[in-house]
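Taking it in order: structure first as structure tokens, then the write-up.
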Amino acid sequence: MSTIQIVNLTKNFGKFTALNGVNMTVKQGEVHAFLGPNGAGKTTTIRCLLGILKADSGTVKLFGGDAWRDAVELHKRLAYVPGDVNLWDNLTGGEVIDLFLSLRGIAVDRSRRSDFLDRFELDPSKKCRTYSKGNRQKVALVAALSANAELYILDEPTSGLDPLLEKVFQDCIIELKKQGKSVLLSSHIMSEVEKLADSVSIIKDGRIVLAGAMNEVLGKGTTLEELFLSEYAGR
Amino acid sequence: MVIKMIANFGKYFRFILKREGFMSSIWVVSLTAFSAIIVAMYPGLFPTAEAMQGLVATMNTPAMIALMGPVYGIEVASPAMVMAQECLIWLAIAVIIMNIFVVNRHTRADEELGRFEMLASLPVGRLANSAATIAFSFLLNLVVAVLIAVFLIIIPIEGATITGALVYGLSIGMQGMVFAAVTLLAAQLFSTARGSMGVSFAVMGVAYALRAQGDVADNVLSYISPMGLGLKVEAFYSNDFLPVGILMAEGVVLSLVALWVHSRRDIGAGIFPARKGRAHASIALRGPLGWAVRMMRGSFIVWSIGIFALGATYGAVIGELDNFVENNEMISQMLMAAGGMSMVDAFIAMLNPIMALIITVPLINCIQRLHLEEKRGRLESILSAAVPRIKLYGSFTLIAVIEAVVFTCLGALGLYVTAEATGTVELTVLLQASLVYLPAIFCMIGLAALLVGWRPKLSLAVWVVACYAFLMFYFGRIFTDIPEWVRKLSPFSNTPELPVQEFTATPLIVMCIIAIALWLVGLLGYRHRDLGR
Chain A
1 MSTIQIVNLT KNFGKFTALN GVNMTVKQGE VHAFLGPNGA GKTTTIRCLL GILKADSGTV
61 KLFGGDAWRD AVELHKRLAY VPGDVNLWDN LTGGEVIDLF LSLRGIAVDR SRRSDFLDRF
121 ELDPSKKCRT YSKGNRQKVA LVAALSANAE LYILDEPTSG LDPLLEKVFQ DCIIELKKQG
181 KSVLLSSHIM SEVEKLADSV SIIKDGRIVL AGAMNEVLGK GTTLEELFLS EYAGR
Chain B
1001 MVIKMIANFG KYFRFILKRE GFMSSIWVVS LTAFSAIIVA MYPGLFPTAE AMQGLVATMN
1061 TPAMIALMGP VYGIEVASPA MVMAQECLIW LAIAVIIMNI FVVNRHTRAD EELGRFEMLA
1121 SLPVGRLANS AATIAFSFLL NLVVAVLIAV FLIIIPIEGA TITGALVYGL SIGMQGMVFA
1181 AVTLLAAQLF STARGSMGVS FAVMGVAYAL RAQGDVADNV LSYISPMGLG LKVEAFYSND
1241 FLPVGILMAE GVVLSLVALW VHSRRDIGAG IFPARKGRAH ASIALRGPLG WAVRMMRGSF
1301 IVWSIGIFAL GATYGAVIGE LDNFVENNEM ISQMLMAAGG MSMVDAFIAM LNPIMALIIT
1361 VPLINCIQRL HLEEKRGRLE SILSAAVPRI KLYGSFTLIA VIEAVVFTCL GALGLYVTAE
1421 ATGTVELTVL LQASLVYLPA IFCMIGLAAL LVGWRPKLSL AVWVVACYAF LMFYFGRIFT
1481 DIPEWVRKLS PFSNTPELPV QEFTATPLIV MCIIAIALWL VGLLGYRHRD LGR
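Order-wise, the sequence lines are chains A and B.
So the first sequence is residues 1 to 235, counted in my numbering.
So the second sequence is residues 1001 to 1533, counted in my numbering.
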């Protein structure tokens, strides 16, 4: 059974067609890269996966369940990091992390939480209003990674992180892979994706234009960056 | 299915309690204290039964009824009853404003800022947020209602009964409940927090206007408007609990409708989608003034319509004045005694300070917008583009001054449009009587600018002064023994009340000088202080 299975997903916003028959499969235990330029439909697809947007047609399945109908049950098994993290001015980062964990209905795993706080060098006692963009991103990352989920949906999780922390992030993903977790990773950093991903989907104007295992998609001597750029050449 | 929709309701509710605890406590404490202080003041108002009958007679005039609602139980009037008639509507308005803020903050505002998306990715029911918010506001209203009632029972005031105190408090609380539900529904229909809040306030304005019309003409409009219905409890007289029940039912039904709409829509979207915009900045948007104008454009349009409509509402009341005076011997006699002062003139003189105070609200907002942009971190990119600070400070002031003139004229015009048919008003008189309040309004603009210039964190102080001005206008009429200087601390009390009083230029000139001085001092501060959060 696939962890994520999207078949013929269509989503319109008024007259604008954001997704036009998207197909995507993510197998259990793989890191799946989700690439595409801004506005191609990555975030819309992810929001449909999270049951935040309702599909106009097509099926969106997570762990075999319906992403819209069974949202609450499915969310217990996944963790999400949005691309643009906004938090509550008057709560501290630590409070937000605990809130997110408690909403999952699990006890906060203190050692896991403090482990990730250390690794990402985040001070959880500061109010969110004082955090920079990178620090807000870290709050969301620590909350997601501490959750011990089966699937991690990460929407440009490293935007705003410095190169040192990006390395920490990559190590975390490799560890997750070793533990047999699935990851859907949307990113603009091709070198990062090439290092981490087992398979890839490239979206363009609301359609998947290229999908497959990383070693199949990349011919000899081509880098992911070259492939990506060629896909959009003459656009 | 329903249970799944509100999964994690309890935790979410506690989360709202945590976020909201401080702000809500301030609201609850100030509302209760305000109510308690008034209750404590009232018994001293009436040394004799005649004094009370005199006040009741004043209240039983169309202008006062339009302002605060119908008078009941004249023959058996007690201090508690008079207090309830005069204060219920103001407390209700304050509670309604509290509800609009609270509900909007936890629904559309959260969604717009993208915070809701993260929560929605967790095992939280689709409606948990909306349901917890409405439940919280219900609790909040109940607490306010009970506390108001408790203080009414504790503080000795003649004519107070436990039933009356309860029905009084509950009417206020349930009006808040209806508007919490209205705001929740608006949050589903409009895709921006500003839009849904603006619409909620507009609904409040319409409810007040319907009530004013309905109460003066004594017709069904008073029952259609929740604010009119809330006054029908007739606290300390007939103590009718039926309106409270109806208001509660309205609140519940509206909430359910809002939840139903929410369950069917995408997060981030409204039922009325945001329009597509232009690809290029128009010439009007170039430069700091153009930017400031664009920031304030929406609010300018909404307030223009609102103030014109309010003027028109009061103008419609003028048509009823003559009938009223003819049928009320006591009022006719009072007018004779006052030297044949025209009823319409008295009405206009009383109305203008209120209009001026209402107009001050968007103007203070306009000045404080400069600080809001700073707080949101959006000013950096403007200032980094070679814009001197004085231009920003000046742009928002200029807009506020122009808005002051336009709004004042629109209010007078609205009044004229509906009152013209009675043949009792002249446009020039109306314009003079309202424009004379401009210097007082400028003082408020100057004070707001001063605070933004030096201590934006104390911006609340300007609202305190505005409330003070309102209290002085209101109680200055009832409590004749308030010392003159206490009254004169409010700029609005220094303005000659045309057309009843004589025009005097001196206070107006002094106020203009004060306003300019405040603004200049504020400019000094703004040019030198650190900008940032």
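Ideal Cβ positions, reconstructed from N, Cα and C, are used throughout, including at glycine.
- Query: Is LYS1555 of chain B close to chain A, meaning its C-beta is less than 9 Å from at least one C-beta of that chain?
  - Reply: Because chain B in this structure spans residues 1001 to 1533, residue 1555 of chain B falls outside the shown range and cannot be described.
- Task: Check the Cβ of PHE1015 of chain B against every Cβ in chain A and list those closer than 7 Å, keeping chain order.
- Result: On the second sequence, position 15 is the one that residue 1015 of chain B refers to. Per Cβ cutoff of 7 Å: LEU99.
- Does the Cβ-Cβ distance between VAL11 of chain A and THR44 of chain A come in under 9 Å? Translated into positions along the first sequence, residue 11 of chain A becomes position 11. Translated into positions along the first sequence, residue 44 of chain A becomes position 44. Correcting the residue type first, residue 11 of chain A is Lys in the shown sequence and not Val. Yes, they are a contact pair.
- Where does the unbroken beta strand (DSSP E) through ILE208 of chain A begin, and where does it stop? Working through the first sequence from its first residue, we reach residue 208 of chain A at position 208. Looking at the DSSP string, the run of the beta strand (DSSP E) that includes ILE208 of chain A is 207-213.
- For PHE13 of chain A, write down the residues that DSSP places opposite it in a beta bridge. Within the first sequence, the letter at position 13 stands for residue 13 of chain A. Answer is A:PHE16.
- Message: By alpha-carbon positions, which one of A:SER199, A:LEU224, A:LEU227 ends up nearest to MET214 of chain A?
- Response: If you number the first sequence from 1, residue 214 of chain A lands on position 214. The shortest Cα separation from MET214 of chain A among A:SER199, A:LEU224, A:LEU227 belongs to A:SER199.
- Query: So the alpha helix (DSSP H) ILE1509 of chain B belongs to, where does it begin and stop?
  - Reply: Residue numbering aside, residue 1509 of chain B sits at position 509 when the second sequence is read from its first letter. Element bounds for ILE1509 of chain B: 1506-1528.
- Between SER1025 of chain B and chain A, is there a C-beta pair that is closer than 9 Å? As a first step, residue 1025 of chain B is located in the second sequence; it is residue number 25 there, counting from the start. Not one chain A Cβ lies under 9 Å of SER1025 of chain B.
- Item | Distance, SER1024 of chain B Cα to VAL1417 of chain B Cα | Taking the second sequence and counting its residues from 1, one reaches residue 1417 of chain B at position 417. Taking the second sequence and counting its residues from 1, one reaches residue 1024 of chain B at position 24. Cα-Cα distance, rounded: 41 Å.
- Looking at VAL1103 of chain B and ALA1180 of chain B, is the spacing between their C-beta atoms short of 9 Å? For the purposes of this step, residue 1180 of chain B is identified with residue 180 of the second sequence, where counting begins at 1. For the purposes of this step, residue 1103 of chain B is identified with residue 103 of the second sequence, where counting begins at 1. Cβ distance < 9 Å, so ALA1180 of chain B and VAL1103 of chain B count as in contact.
- Going by beta carbon distance, what residues of the same chain come within less than 6 Å of ASN1099 of chain B, once the five residues before and after it are set aside? Residue mapping note: residue 1099 of chain B aligns to position 99 of the second sequence, counting from 1. Hits under 6 Å: SER1137, GLY1176, PHE1179, ALA1180.
- chain A contact for SER982 of chain B (CB, 9 Å cutoff): Nothing about residue 982 of chain B can be reported from this structure: the residues present for chain B run from 1001 to 1533 only.
- Item | Rounded straight-line distance, which links the Cα of HIS1106 of chain B to that of ILE1134 of chain B | In the second sequence, the residue the question calls residue 1134 of chain B occupies position 134. In the second sequence, the residue the question calls residue 1106 of chain B occupies position 106. Computed Cα separation, rounded: 10 Å.
- Residues near LEU184 of chain A in its chain [Cβ-Cβ closer than 8 Å; skip 5 each side]: The residue given as residue 184 of chain A occupies position 184 in the first sequence. Cβ within range, chain order: ILE4, VAL26, HIS32, PHE34, ILE46, LEU49, LEU151, TYR152, ILE153, LEU154.
- Message: If we define contact as Cβ-Cβ less than 9 Å, is GLU73 of chain A a contact residue for chain B?
- Response: Reading the first sequence from its first residue, position 73 is the one you call residue 73 of chain A. Chain B contact via Cβ: present.
- How would you label THR92 of chain A, buried or exposed, when you count the other beta carbons within 10 angstroms and need 16 or more for buried? For the purposes of this step, residue 92 of chain A is identified with residue 92 of the first sequence, where counting begins at 1. By the 10 Å Cβ count, THR92 of chain A comes out buried.
- Hey, does LEU1232 of chain B have any beta-carbon neighbour from chain A nearer than 9 Å? In the second sequence, residue 1232 of chain B corresponds to position 232, counting from 1. The residue you asked about is not Leu; residue 1232 of chain B is Lys in the sequence shown. Judged by the 9 Å Cβ criterion, LYS1232 of chain B is not in contact with chain A.
- So which residues of chain B does LEU50 of chain A contact, with C-beta pairs closer than 7 Å? By 1-based counting over the first sequence, the position of residue 50 of chain A is 50. Those are ALA1120, SER1121, listed as they occur along chain B.
- Query: Counting along the chain, where does the alpha helix (DSSP H) carrying TYR1223 of chain B start and finish?
  - Reply: As a first step, residue 1223 of chain B must be located in the second sequence, where it is residue number 223. Its alpha helix (DSSP H) spans residues 1221-1224.
- Task: Using 10 angstroms around the beta-carbon of ILE1157 of chain B, count the other beta-carbons present and answer buried if the total reaches 16, otherwise exposed.
- Result: Taking the second sequence and counting its residues from 1, the one referred to as residue 1157 of chain B is at position 157. Buried, because 16 or more other Cβ atoms sit within 10 Å of the Cβ of ILE1157 of chain B.
- Closest residue to ALA1092 of chain B among B:MET1059, B:MET1064, B:THR1061, B:ILE1148 (Cα-Cα distance): Along the second sequence, one-based indexing puts residue 1092 of chain B at 92. Residue B:ILE1148 is the option with its Cα nearest to ALA1092 of chain B.
- Message: Just to confirm my understanding: we take LEU1221 of chain B, look at its own chain, exclude 5 residues before and 5 after, and list those with CB closer than 6 Å. What are they?
- Response: For the purposes of this step, residue 1221 of chain B is taken as residue 221 along the second sequence, with counting starting at 1. Excluding sequence neighbours, LEU1221 of chain B sits near LEU1210, GLN1213, GLY1214.
- Since GLY105 of chain A meets chain B, which of its residues come closer than 7 Å, beta carbon to beta carbon? Residue numbering aside, residue 105 of chain A sits at position 105 when the first sequence is read from its first letter. Result: PRO1123.
- What residue from B:LEU1431, B:GLY1394, B:LEU1372, B:ILE1364 has the CA that sits closest to LEU1351 of chain B's CA? Translated into positions along the second sequence, residue 1351 of chain B becomes position 351. Per the Cα distances, B:LEU1431.
- Looking only at its own chain, which residues have a Cβ that is under 8 Å from the Cβ of VAL1261 of chain B, when we skip the five neighbours before and after it? By one-based count along the second sequence, residue 1261 of chain B stands at place 261. Cβ within range, chain order: LEU1185, GLN1188, LEU1189, ILE1271.
- So which residues of chain A does ALA1007 of chain B contact, with C-beta pairs closer than 8 Å? Counting from one through the second sequence, the residue named residue 1007 of chain B turns up at place 7. By Cβ distance, chain A contributes VAL72.
- Message: I'd like to know if ALA1145 of chain B contacts chain A, where contact means its C-beta is closer than 9 Å to some C-beta of that chain.
- Response: Start at 1 with the first residue of the second sequence, and residue 1145 of chain B comes out as number 145. Chain A, which has no Cβ nearer than 9 Å to the Cβ of ALA1145 of chain B, makes this no.
- Secondary structure at THR1397 of chain B, three-state DSSP: helix, strand or coil? To locate residue 1397 of chain B, count along the second sequence from 1; it is residue 397. THR1397 of chain B: helix per DSSP, three-state reduction.
- Which residues in chain B sit within 8 Å of TYR152 of chain A, going by Cβ to Cβ distance? Position 152 of the first sequence holds residue 152 of chain A. Ordered by position in chain B, no residue passes the 8 Å Cβ test against TYR152 of chain A, which lies about 11 Å from the chain.
- LEU1113 of chain B: contacting residues in chain A (beta-carbon distance under 7 Å): On the second sequence, residue 1113 of chain B is found 113 positions in, with the first residue counted as 1. Near LEU1113 of chain B (Cβ distances below 7 Å), the residues of chain A are ASN86.
- Message: For SER1238 of chain B and MET1511 of chain B, I'd like the C-alpha separation in whole angstroms.
- Response: Mapped onto the second sequence, residue 1238 of chain B falls at position 238. Mapped onto the second sequence, residue 1511 of chain B falls at position 511. Cα-Cα distance, rounded: 47 Å.
- Leaving out the 5 sequence neighbours to the left and right, which residues in its chain are closer than 6 Å to LYS127 of chain A when beta-carbon positions are compared? The residue given as residue 127 of chain A occupies position 127 in the first sequence. Hits under 6 Å: THR92.
- Message: Please identify the residue among A:HIS75, A:THR17, A:MET1 whose C-alpha is closest to the C-alpha of ASP205 of chain A.
- Response: On the first sequence, position 205 is the one that residue 205 of chain A refers to. Checked all of A:HIS75, A:THR17, A:MET1; the closest Cα to ASP205 of chain A is A:THR17.
- Query: Which same chain residues, not among the five before or five after ALA140 of chain A, have their C-beta less than 7 Å away from its C-beta?
  - Reply: Locating residue 140 of chain A in the first sequence gives position 140, counting from the first residue. Excluding sequence neighbours, ALA140 of chain A sits near VAL81, PRO82, VAL85.
- Message: If contacts are defined as beta-carbon pairs under 8 Å, then ASN1494 of chain B and ALA1448 of chain B qualify, I think. What distance do you get, rounded to the angstrom?
- Response: Position 494 of the second sequence, counting from 1, holds the residue named residue 1494 of chain B. Position 448 of the second sequence, counting from 1, holds the residue named residue 1448 of chain B. Between ALA1448 of chain B and ASN1494 of chain B the Cβ distance is about 18 Å, and since that is not below 8 Å, they are no contact.
- Below-9 Å beta-carbon distance, ALA79 of chain A vs any chain B residue: By one-based count along the first sequence, residue 79 of chain A stands at place 79. Closer than 9 Å: yes.
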